[in-house]
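Q: Residue numbers (the numbering used here): 2 to 725.
Ideal placement from N, C-alpha and C gives every residue a C-beta, glycine not left out.
Quick caveat, the model's predicted, so the values are computed rather than measured.
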């Protein structure tokens with residue numbers, strides 16, 4: 002874009018600002034919407050990185066954009082977006098902005114001028130908090146302006162005019178934005194708390210409610226900075242319970258500011274439980290339909306109230322975040338004191354209720370699809386959507402729980418449940434595929450980056466990890482046929498490589514990787530996935546493999562077999578069991594069979610795999626024993642495998658020991674007899690076999706002819722003559 006065009010735009014901006022300043026308030030709003038905003042959008046598109054702008058033009062643009070920030074907030078947002086672009090082209094934009102604000106302070110001569118500066122600084126906090134904080138806290142001219150206006154407004158509370166409320170709104174919006182900075186929060190808490198108290202005491206008629214909403218939000222943001230004596234003297238008014246009630250009243254009236262306040266309050270477990278109800282959910286969904294720019298706040302709030310407090314604490318520990326000194330998490334909302342430990346437990350049933358209601362409303366199909374498709378959706382919004390989807394499919398991720406949430410208990414809405422979970426999987430996998438264009442998956446390195454110089458930001462990796470974890474939900478695995486069964490191979494296969502990232506990264510974290518493999522998380526200096534995540538990753542892969550698509554099994558084998566074996570070599574029984582479940586689903590693949598039985602001597606590489614699996618027959622975990630036997634039964638149907646087993650002294654000895662120590666009619670006996678039934682017929686065919694060892698257990702084995710279990714009785718009868 003040429004210098005001439007920039008010059009033309011600068012002139013157009015100046016002319017437009019001159020026009021705007023001459024219009025009445027009523028006409029100005031229409032002009033800003035129809036003329037000024039499109040002009041600013043044109044400037045935004047023009048400020049691409051391949052142009053050079055002279056210093057004088059940068060100054061002119063800066064002056065114009067600052068002026069626009071003093072009008073309505075929608076125009077101010079457009080101007081701020083242009084400043085972000087301009088900052089890439091200017092080395093001293095901060096200095097120019099500071100000079101412009103100083104000039105406006107020097108020239109201000111009317112109330113309109115003063116409130117224009119208030120609005121400019123308010124918006125400046127969203128662009129350059131450091132500069133805005135300098136002006137807010139250290140600029141004497143601005144400090145005097147603000148103190149005088151607050152005093153005047155406080156005095157007008159007895160007989161306010163419409164102008165009083167308008168100006169008060171602008172001051173409160175500035176305070177709210179300024180709370181992004183700790184020094185500014187402290188200043189507001191010490192200097193302007195009385196104004197906020199007056200606002201909070203206003204009745205709740207419609208003209209006051211927006212004021213109370215802003216005041217509530219500011220008070221919550223700086224709550225921990227309020228002086229103890231003020232908190233004590235206004236304990237009821239400043240209680241988090243009272244502040245939440247004001248916010249809920251504002252939410253019921255559709256006031257957007259209440260969403261931010263409730264999001265802040267929802268870190269407190271007592272507030273979370275207050276928000277988990279039908280009225281709040283209905284209101285949030287209605288606002289999501291009507292208010293485009295509230296999407297982030299609403300999704301963030303829903304994400305907050307659907308995550309159990311216990312899980313949140315685990316997540317916070319895992320990212321090693323510093324404790325927030327302004328946190329209200331552990332404050333009793335009624336007494337303002339510290340919340341007792343006994344009251345920190347979440348109401349899991351309420352969380353499940355919220356999740357079920359979102360599914361019943363078709364929330365993900367109706368609202369999240371459009372967010373993911375929109376080019377205007379920010380990374381932050383997409384990240385909150387991913388968190389919400391994770392929370393809904395994982396309503397309580399307690400590895401020690403005896404039972405998990407059964408969202409499909411109500412058969413009347415089972416079809417909708419399947420539809421929504423299917424949509425969640427589509428959204429998550431589409432996101433993961435879209436953010437993996439620089440990656441290629443293979444057995445040798447797992448992931449190769451087409452351009453190794455492209456870095457993935459930590460926030461992007463966090464969203465990726467949450468999306469992948471969501472795909473491993475036991476709710477999905479438990480309904481695998483309903484969710485995956487009715488779809489094509491591509492849909493069922495799409496989550497597989499991403500879920501395996503958990504397994505590979507876990508291997509890397511515990512030093513079990515071969516050193517060649519990498520994942521997108523390899524650059525992080527902290528552990529991303531816990532043993533709990535690994536467990537459910539194995540279970541999820543086993544569930545998907547159970548559908549029976551050969552290509553799915555082959556992909557799991559190619560990318561994940563090394564991780565299966567690494568896990569079988571560990572002493573973590575729960576992970577061994579989960580990895581055996583997966584191995585049981587893919588063990589009929591010829592290449593997988595070879596990994597255990599393509600050996601000639603005990604020094605061969607694959608013999609080590611065979612030996613590990615054999616010893617798992619003696620695992621202290623009963624379910625793992627059964628799975629190991631199932632794998633041997635499935636593979637021993639191949640003649641080459643049954644011959645290997647019949648000739649292996651270790652295997653025969655281990656299998657025989659089961660009959661010495663096991664005479665009940667349970668699953669372990671059943672699977673042991675199945676394996677034995679596949680190898681005993683080789684007794685007379687092989688010249689040098691080790692099957693004679695089973696004569697030691699002959700009576701124990703044959704005793705099952707009288708079993709009450711018909712299947713065990715039938716198997717024993719079938720092979721009895723081989724033991725006679």
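1) Hey, out of 699, 704, 428 and 644, whose CA is closest to residue 689's CA?
2) Whole angstroms is fine: what's the gap from residue 113's alpha carbon to residue 138's?
3) Once DSSP output is grouped into helix, strand and coil, what is the label at residue 279?
4) Which word fits residue 403, buried or exposed, when buried means at least 16 other C-beta atoms lie within 10 angstroms of its C-beta?
5) Between which residues of its own chain and residue 650 is the CB-CB distance below 7 Å, once the five residues before and five after are set aside?
6) Measuring CB to CB, does residue 102 end up less than 9 Å from residue 136?
7) Return the residue from the list 309, 171 and 166 that minimises the CA-CA distance to residue 206.
8) For residue 440, which residues does DSSP report across the bridge?
9) Can you name, in chain order, every residue of its own chain whose Cβ lies under 6 Å from the Cβ of residue 14, other than the five neighbours on each side?
10) With residue 450 and residue 439 assumed to form a contact (beta carbons below 8 Å), what rounded beta-carbon distance in angstroms separates them?
11) Would you mind stating whether residue 241 and residue 332 have Cβ atoms separated by less than 9 Å?
12) Could you give the DSSP three-state label for residue 10: helix, strand or coil?
13) At the level of alpha carbons, what is the spacing between residue 199 and residue 367?
14) Taking the straight line between their C-alpha atoms, what separation do you get for residue 433 and residue 104?
15) Tell me the rounded alpha-carbon separation between residue 602 and residue 608.
16) If you drop the 5 nearest sequence neighbours on each side, which residues of the same chain put their C-beta closer than 8 Å to that of residue 461?
17) Quick one, are the C-beta atoms of residue 568 and residue 535 less than 9 Å apart?
18) When you compare only the Cα positions, how much space is there between residue 191 and residue 227?
19) For the putative contact between residue 615 and residue 652, defined by C-beta atoms under 8 Å, what is the C-beta separation to the nearest angstrom?
20) Taking the alpha carbon of residue 80 as the reference point, which residue from 92, 98 and 93 has its own alpha carbon closest?
21) Pick helix, strand or coil for residue 339, following the three-state DSSP scheme.
22) Taking just the CA atoms, how far does residue 335 sit from residue 546?
23) When you compare only the Cα positions, how much space is there between residue 527 and residue 520?
24) Report, in whole angstroms, the separation of the C-beta atoms of residue 425 and residue 492, which I expect to be a contact under 8 Å.
25) Take residue 389 and list the residues in its own chain whose beta-carbon comes closer than 7 Å to its own, dropping the five residues that flank it on each side.
26) Are residue 265 and residue 276 closer than 9 Å when you measure CB to CB?
27) Around the Cβ of residue 194, are there at least 16 other Cβ atoms within 10 angstroms (buried) or fewer (exposed)?
28) Within the same chain, show all residues whose beta-carbon is closer than 8 Å to that of residue 274, passing over the 5 residues directly before and after it, in chain order.
29) Which of the three DSSP states, helix, strand or coil, is assigned to residue 501?
30) Who are the Cβ neighbours of residue 624 in its own chain at under 8 Å, not counting the five residues just before and after it?
31) Looking at residue 499 and residue 559, is the spacing between their C-beta atoms short of 9 Å?
32) Are the CB atoms of residue 182 and residue 126 within a distance shorter than 9 Å?
33) Can you check the stretch 528 to 595 for any alpha helix (DSSP H) of at least 4 residues that lies completely inside it and give the ranges in chain order?
34) Does the beta-carbon distance from residue 418 to residue 480 come in below 9 Å?
35) If distances are taken between C-alpha atoms only, which option among 611, 647, 621 and 648 comes closest to residue 632?
36) Report the three-state DSSP secondary structure of residue 332 (helix, strand or coil).
A: So, to answer that:
1) 644
2) 22 Å
3) helix
4) Its pLDDT being 42, under 50, residue 403 is placed unreliably in this model, and the value from its coordinates should be taken loosely. Its Cβ having fewer than 16 others within 10 Å, residue 403 is exposed.
5) 691
6) yes
7) 166
8) 450
9) 65
10) 5 Å
11) yes
12) helix
13) 42 Å
14) 49 Å
15) 7 Å
16) 380 and 436
17) yes
18) 7 Å
19) 5 Å
20) 98
21) strand
22) 52 Å
23) 14 Å
24) The Cβ separation is near 13 Å, so there is no contact.
25) 300, 303, 304 and 307
26) no
27) buried
28) 347, 348 and 351
29) helix
30) 578
31) no
32) yes
33) 532 to 546, 551 to 569 and 574 to 587
34) yes
35) 611
36) strand
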